[in-house]
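Only one structure is covered here, and it is reproduced in the block below.
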Amino acid sequence: MHNLSNLLEDSARKHPERDALVLGSTRLTYGQVDAAASQVADLLVDRGIRPGDKVAVMCPNLPQFSIVYYGILKAGAVVVPLNVLLKGREVAYHLDDSDSKALFAFQGTAELPIGVEAKAGFDQAEGCADLFLITADPQAPSPIDGMQTLGHAMADRPTTFATAATDEDDTAVILYTSGTTGQPKGAELRHRNMRDNAMAGRELFGCDEDRPDTYLCVLPLFHSFGQTVIQNGAFAFGGTIVMLPRFEPAPAIEAMLRESVTVFAGVPTMYWGLLGALDSDTDVQTLGKNLRIAIAGGSALPVEIHREVEKRFGVSIAEGYGLSETSPVASFAPLGAPPRPGSIGKPIPGVEMTLIEPDSWTEIMWAPDAVGEITIKGHNVMKGYYQRPEATAAVLNSDGWFRTGDLARRDEDGYYYIVDRTKDLIIRGGFNVYPREIEEVLITHPGISLAAVVGVPHDSHGEEIKAFVILEPGASLTESDLIAWAKEQMAAYKYPRIVELVPSLPMTATGKILKRELTRTGSTSSTPPPGT
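Residues in the sequence shown are numbered from 30 upward in steps of one, following our numbering.
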């Protein structure tokens, strides 16, 4: 049997008393998590859920997410994790598009009323029959009319369950893309896709169940990075997951110190946030002593942030790369190899990567400066987009190669370096400009804390380069100062003619900068000042 829930069941059998999930003062052992997941599975089967049926879960980083996740898998059903920021109309779309037959949703807060939005979406959806509300207090009555609480639904159910037999090629999870272009699409990931990607932690990160790690979970578990690298990766090797429902730098540092966290995984903006929140040399030394490995992914890590983390913590960030469609890890920095800041490493075992022409499937000839679109083939690649054969055919060819939309170059040792997204490429006056390259230069300025670069429409150049900049605290710089400095640092066709100082940047729930929001609000048709 090849059910992804075996990751939990095997660790529960070997280490029933070992801490699996920690949230504040709450600590659940592997035995307790497995028992609760079995109760969820029994509930689903009792409600008519059968192997292959889709079941959605809309919950932040709480123990209930993992309990429901593995309970769905035990029942042989398919997990459909939903972003907790979705509104009612969007919830209905995801439920209908995935054919979900049940939904588990956390009650939320006044600021983030997850349960209210889930109920609104459930009421609009056509085929979803059951809705369960996850409450902070499992014994409390439902605060929302028409929603049964998970605590009451699980009460008195058996704590053992005969896990449904599934084939390794059966769908385990449907992960929805962010929908930057068009409607979000559901990537179908097999049991073996998710299992093998989680088990890769032994070779990639040096995981060992005899020396279990403690992971800080700040990456949203509804996203592939958090699911595979943190949740499934930790459970595969009997690790302990310390959960934070949302990322905030100071509470994250406090949790890392309190629980002696050995593995931290985050997107670049999280590392940027941690660096800004450090104020004690003792804390820095303690964090550095405990941390065994720091992992970055989700978006390109600026070289300056990589160097500053290494300088402050004494640990080098191991950078990797992947997408929801690849379970997600496709490449990673080889364990023990000297760090190469800016590189996303090499393809992981069992995975191939190459570069092709962005407008065809033609592989490009290698050269030191050759840039192409990354394509991936291996055990991690999805089945396809759920019920979207045309969208699947556009990115997945008959030989199993998946085109990513990411532009990269490769060095002579086989290490890959992300240049940019094909859709983020700026064409100014006929010249190709890569926003990431400009961002890397801008962040070297001592007065710049973070920067994002986009292309905006322009009458004569087609596109103009605009930089949104967050200054370091206390820095007194003007837009004109930064434009003049950038002009000295970059070629004439590259430097930003337009700079806007901002207090913050729009980000997704996973911490990625929302460049499409910046593009939407930052367009201009004005001509730059003379001489620029």
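Ideal Cβ placement from N, Cα and C applies to all residues, glycine included.
- Rounded to whole angstroms, E529 and V120 show a C-alpha spacing of 35 Å.
- For T269, there is no enclosing alpha helix (DSSP H); the enclosing beta strand (DSSP E) covers residues T269 to M272.
- About 11 Å separates the Cβ atoms of G267 and Y244, ruling out a contact at the 8 Å cut-off.
- Per DSSP, the continuous alpha helix (DSSP H) segment holding F264 begins and ends at G262 to A265.
- Annotation: S389 is outside any beta strand (DSSP E) and is labelled neither H nor E by DSSP.
- Closest in alpha carbon position to K340, among Y300, Y444 and Q518, is Y300.
- If you draw a 10 Å sphere on the C-beta of A165, you find fewer than 16 other C-beta atoms in it, and that means exposed.
- Considering only K43, V313, A422 and D453, the residue with the shortest C-alpha distance to V344 is V313.
- The shortest CA-to-CA distance from P387 to any of T200, D398, M394 and I403 is the one to I403.
- Annotation: H220 to D174 spans about 36 Å, alpha carbon to alpha carbon.
- With respect to G144, Q153 sits apart: the two C-beta atoms are not nearer than 7 Å.
- Bridge partners of M382 according to DSSP: I405.
- With fewer than 16 other beta carbons inside 10 angstroms of its own, A513 counts as exposed.
- About 5 Å separates the CB atoms of A216 and E354; that is less than 8 Å, so the two are in contact.
- Pairing V448 with G379, the inter-Cα distance amounts to about 24 Å.
- Scanning I346, E468, R275 and Q256 for the CA closest to the CA of L479 turns up E468.
- By a beta-carbon distance limit of 8 Å, V482 contacts P525. Their separation comes to about 6 Å.
- If you draw a 10 Å sphere on the C-beta of M223, you find 16 or more other C-beta atoms in it, and that means buried.
- G295 and G371 have their C-alpha atoms roughly 16 Å apart.
- The beta carbon of V332 is closer than 7 Å to those of P370, G371 and E469 in its chain, skipping five residues each way along the sequence.
- G235 sits in coil when the DSSP states are folded into three classes, being neither helix nor strand.
- 7 Å or more divides the Cβ of A359 from the Cβ of I393.
- Within a 10 Å sphere around the beta-carbon of T311 sit fewer than 16 other beta-carbons, which makes this residue exposed.
- Burial is judged here by how many other beta carbons sit within 10 angstroms of a residue's own beta carbon; I456 has fewer than 16 and is exposed.
- Just so you know, the alpha carbons of T58 and D198 end up roughly 30 Å apart.
- Within the same chain, S67, A70, D71 and K103 come within 6 Å of F190 by CB-CB distance, once the 5 residues on both sides are set aside.
- A distance below 7 Å between beta-carbons, with the five flanking residues on each side excluded, links G327 to the following residues of its chain, in chain order: F254, V296, T539, G540 and K541.
- Between K116 and D442, the alpha-carbon positions lie close to 46 Å from each other.
- In summary, K318 is exposed, with fewer than 16 beta-carbon neighbours lying within 10 Å of its beta-carbon over all protein chains present.
- Taking 4 residues as the minimum length, the alpha helix (DSSP H) runs contained wholly in the stretch 477-529 are 508-518, in order along the chain.
- By the neighbour-count criterion, in which 16 or more other beta carbons inside 10 Å mark a residue as buried, E277 falls on the exposed side.
- For F94, the three-state secondary structure derived from DSSP is helix.
- Around the beta carbon of D428, fewer than 16 other beta carbons lie within 10 angstroms, which makes this residue exposed.
- If only uninterrupted alpha helix (DSSP H) runs of at least 4 residues are considered, those enclosed by the stretch 68-128 are 92-103 and 117-127.
- One Cα belongs to L384, the other to D237, and the distance between them is close to 34 Å.
- Residue burial is scored here from C-beta neighbours: K148 has at least 16 other C-beta atoms within 10 angstroms and is therefore classed as buried.
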